[in-house]
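Reviewing the structure listed below.
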Amino acid sequence: MSSMNRREFLQILAAASAAGFVLDSRLAWAAGKGDSFYDLPRFGNVHLLHFTDCHAQLLPVYFREPSVNLGIGGADGRAPHLVGEKLLKAFGIKPGGIEAHAFTYLDFEKAARTYGKVGGFAHLATLIKRLRAGRPNALLLDGGDTWQGSYTALQTKGQDMVDACKLLGVDIMAGHWEFTLGDKRVLEIVEKDFKGKIEFLAQNIKTSDFGDKVFEPYSLREMNGVKVAVIGQAFPYTPIANPRWMIPEWTFGIQDENMQKTVDEARAKGAQVVVVLSHNGMDVDLKMASRVTGIDAILGGHTHDGVPQPVVVANANGKTLVTNAGSNGKFLGVLDFDVKGGKISDFRYKLLPVFSKLLPADAEMAALIEKIRAPHQTKLDEKLAVSEGLLYRRGNFNGSWDQLILDAIMEVQGAEIGFSPGFRWGTTILPGQAISFEHLMDQTAITYPQATLTEMSGEQIKMILEDVGDNLFNPDPYYQQGGDMVRVGGLEYTCDPNQKIGKRIQDMRLGGRGKPLEAGKTYKVAGWAPVAEGARGEPVWDVVARYLRDKKTIAPRKLNQPKLVGMKGNAGIA
Amino acid sequence: MEMNQTRRIVLRGAGSIGALSALIMAGVLKPTAAYAADWNKAAFEAKDTPAALKGLGAASAAESKDLVLKVPDIAENGAVVPVDVISNIPNTTSIAILVDKNPTALSAQFSFANGALPEVSARIKMGQTSLVKAVAKAGDKFYIAQKECKVTVGGCGG
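Sequence order for the protein chains is A and B.
The letter at position 11 of the first sequence is residue 11 when you use the numbering used here, and the numbering goes up by one with no holes.
Quick note: to get the numbering used here, add 574 to the position in the second sequence (first position is 1).
Listed below in structure tokens is the structure:
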């Protein structure tokens, strides 16, 4: 079924490494030849450009990669669960250069000041135009999480991103946070704005009553004489991780069997290359690639892993490439296949970091972005405070931005414990930088933003930590939802990720006082982003903005992190 | 699609409980096919799976790959978890669905008249993560298949 057998694939791998697909970036940078950084000669005849999880970041941003991304069970020591030096070593990236900065948290502040901001649609547009010029008929694939993550996306119900993606020339899209705009809005965009321009695909969304398809499962395209099928895969656990009431008539799930059927159907219709545009998250993609046959590549997102090279997964009938293309507009994946006589004979892959200093802004896209922002400019620019420390979000257990949100919601609401969701989006702020209202919205812009104050028993608190811990650390990827651990303020604990649900969270003590959390006692817990319908509360950004305006200067945060057990030597921790 | 829209409107009008009776009235389902001939009080009121299995007479059910149980890995909504059971075992005359951790383990039992296809789809309620079990009767033998379904508090993703 698959177009590649084991031997062919090994030959391809050997060829790829012999081609020396590593850029001497330091040299390029030192010589001031920014352009040569992006010289990527055309290879083969099937070209796929892939970005994912941009989270509505239209302008360049700073984005720090995680220093904690633990792999549990079989995932330890393998992509994507590699951080810092371990990631550099695994992919043969030289420490200290621009690529090391793009893929790791190492020396983040200094490197960020040297190499500047990443992403931005005007810069991404320039890069895409350049690549398309050398790659006729290339398809541009958007893995989703595009219509959420900024103030303007929230205010315009995703319209800013819809317009920007149409101008960018996106051909095919998959989804996740898009669904938090509600089913009607999603269908409106797909049926009106996207009609005849962008295909929104999902093989794994069905109506919950009769199991009818909601979106087309796949698209069959002809590219330079080759038939290419792209299958869409939405985030399987959207109705669990996000409010189900916003999409009450749709059911999701991984749907392996239907994926296999879809692949087989595409092959039967003549597809010579089959790729999946996936929002599963990388661990789920790796497992799916081992179970479903006939897929040449899964271009993945959701878990925001910037993985420099594909992971090759063997299954019953062949091998599948699995990639993950980071987040926040920071990367563009370029996958080239050489198809000869109806079969893939070779491939090249490069995950290009988008450095705005190296890519001039595309004028047309820059003008659109300015137009989108103009009505909101005053609001976006409001300076709330100055941060003395580095503020970032990514990491399995906490980030300094999350700690700041926890500190704010607990103080403003008078709570002894705080919970903040383990989202992986949100931009980074360098020490000394002003925190604008826009920056705050980069961390909080969702359609269910209510800040809550809830009385919870110690038993309930433990149950929640165990539940979220199992979504992250269950050794079976199909039980993982791809977010990080709920951030916790005011409560210290020990975490043993290798344990089973009910036993991972231990020794819970109220912060600073060392007093054990009591199962039967009630505590005031501040939180936000309730998934239940009808939740009430002030938007969390208003609560945090008040705190920031009041403090004016934000000292470096002291991160509340659990004590870890059994993680010594794990490649996913610095 | 046209047809399904019509079905959907009919069901909406009927309401969730009414939906089943609407299908019965429309002759899609025959009451005799939908309900077990006799109400098995001992099995349905049993508090745990071993007692329910005993009530069904299936205490020594053998695991079978020909009994296909489909349950989601993680339930989207614990109140309505979709369960599909298909028995490829010849002469299957009944299929039961059990949830280990529910207050009463036996959720449903379906009987099949001679020649009826032993295939059922049901929505069951689950309060917490549990093993879900399907039990089929063929001749005087019982067969069992099981799969865990996780019920989670949700939120905090991605």
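Cβ coordinates follow ideal geometry from the N, Cα and C atoms, glycine included.
DSSP-derived helix/strand/coil call for residue i
i	result
A/Met456	strand
A/Val263	helix
A/His279	coil
A/Val61	strand
B/Ala596	Unreliable placement is indicated for B/Ala596, whose pLDDT of 38 sits below 50; no coordinate value is reported for it.
B/Gln720	strand
A/Ser345	strand
A/Ser67	coil
A/Gly572	coil
A/Tyr647	One cannot answer for residue 647 of chain A here, as it falls past the ends of chain A, which runs 1 to 574.
A/Val307	coil
B/Asn651	coil
A/Phe210	coil
A/Met173	strand
A/Asp381	helix
A/Asp302	Checking the displayed sequence, the identity of residue 302 of chain A turns out to be His instead of Asp. DSSP places A/His302 in coil when its eight states are reduced to three.
A/His101	helix
A/His376	helix
A/Leu430	coil
A/Glu388	coil
A/Val118	strand
A/Glu257	helix
A/Thr52	coil
Contact check, residue i vs residue j, beta carbons under 8 angstroms
i	j	result
A/Leu472	A/Asn570	no
A/Leu332	A/Ala297	no
A/Arg424	A/Asp484	yes
A/Arg221	A/Asp256	no
A/Gly143	A/Asp76	no
A/Pro310	A/Phe103	no
A/Ser150	A/Asp442	yes
A/Thr427	A/Phe63	yes
A/Ala385	A/Ile435	yes
A/Ala100	A/Ala174	no
B/Val709	B/Val657	no
A/Pro477	A/Lys287	yes
A/Thr238	A/Phe200	no
Range covered by the alpha helix (DSSP H) that runs through residue i
i	result
A/Ala408	Ser400 to Gln413
B/Gly629	Thr623 to Leu630
B/Glu557	Lying before the first or after the last residue shown, residue 557 of chain B is absent from chain B, which here runs from 575 to 732.
A/Glu85	Gly84 to Phe91
A/Val186	Asp183 to Glu188
A/Val540	Val540 to Lys551
A/Tyr523	No alpha helix (DSSP H) holds A/Tyr523; the beta strand (DSSP E) holding it covers Thr522 to Trp528.
A/Gln155	Tyr151 to Gln155
Element boundaries [beta strand (DSSP E), containing residue i]
i	result
B/Leu641	Leu641 to Lys644
A/Cys495	Leu491 to Cys495
A/Thr444	Looking at the DSSP string, A/Thr444 is not in any beta strand (DSSP E); the run it does join, the alpha helix (DSSP H), is Phe437 to Thr444.
A/Met161	Not the beta strand (DSSP E): A/Met161 falls in the alpha helix (DSSP H), residues Gln159 to Leu168.
B/Pro656	Val655 to Ser661
A/Leu359	Note, A/Leu359: premise wrong, no beta strand (DSSP E); not H, not E.
A/Ile240	It is not in any beta strand (DSSP E) - A/Ile240 instead sits in the alpha helix (DSSP H) that spans Thr238 to Ala241.
A/Leu509	Position check: residue 509 of chain A holds Arg in this sequence, whereas Leu was assumed. Where A/Arg509 is concerned, the enclosing beta strand (DSSP E) stretches over Ile505 to Leu510.
A/Gly333	Phe331 to Lys340
A/Glu222	Tyr218 to Met223
A/Leu140	Leu139 to Asp142
Residue i versus residue j - alpha carbon distance
i	j	result
A/Arg487	A/Pro421	6 angstroms
A/Ile369	A/Gln203	32 angstroms
A/Ala577	A/Ser356	Given a span of 1 to 574 for chain A in the structure shown, any question on residue 577 of chain A remains unanswerable.
A/Gly418	A/Phe37	44 angstroms
A/Pro66	B/Ala712	55 angstroms
A/Lys500	B/Ile648	16 angstroms
A/Arg546	A/Ala90	45 angstroms
A/Ile505	A/Leu70	16 angstroms
A/Asp362	A/Ala122	5 angstroms
A/His190	A/Thr262	In the sequence on display, residue 190 of chain A carries Val and not His. Going by the C-alpha atoms only, they are around 21 angstroms apart.
A/Ala28	A/Arg348	In this prediction, A/Ala28 has a pLDDT of 43, which is less than 50 and means its spatial position is unreliable; nothing more can be read from the coordinates.
A/Arg557	A/Gln433	15 angstroms
A/Val313	A/Met223	25 angstroms
> So, do the segment 135-143 of chain A and the segment 370-385 of chain A have three or more beta carbon pairs nearer to each other than 8 angstroms?
Replying inline: The segment 135-143 of chain A vs the segment 370-385 of chain A: no contact.
> Would you say the segment 648-664 of chain B touches the segment 714-726 of chain B, given that touching needs at least three Cβ pairs under 8 angstroms?
Replying inline: Because the criterion of three Cβ pairs below 8 angstroms is met, the segment 648-664 of chain B and the segment 714-726 of chain B touch.
> Does the pairing of the segment 627-640 of chain B with the segment 658-668 of chain B give three or more beta-carbon distances under 8 angstroms?
Replying inline: Taking a cut-off of 8 angstroms on C-beta distances, the segment 627-640 of chain B touches the segment 658-668 of chain B, as three or more cross pairs fall below it.
>> Three or more C-beta pairs under 8 angstroms: does that hold for the segment 79-95 of chain A against the segment 441-457 of chain A?
In response: Because the criterion of three Cβ pairs below 8 angstroms is not met, the segment 79-95 of chain A and the segment 441-457 of chain A do not touch.
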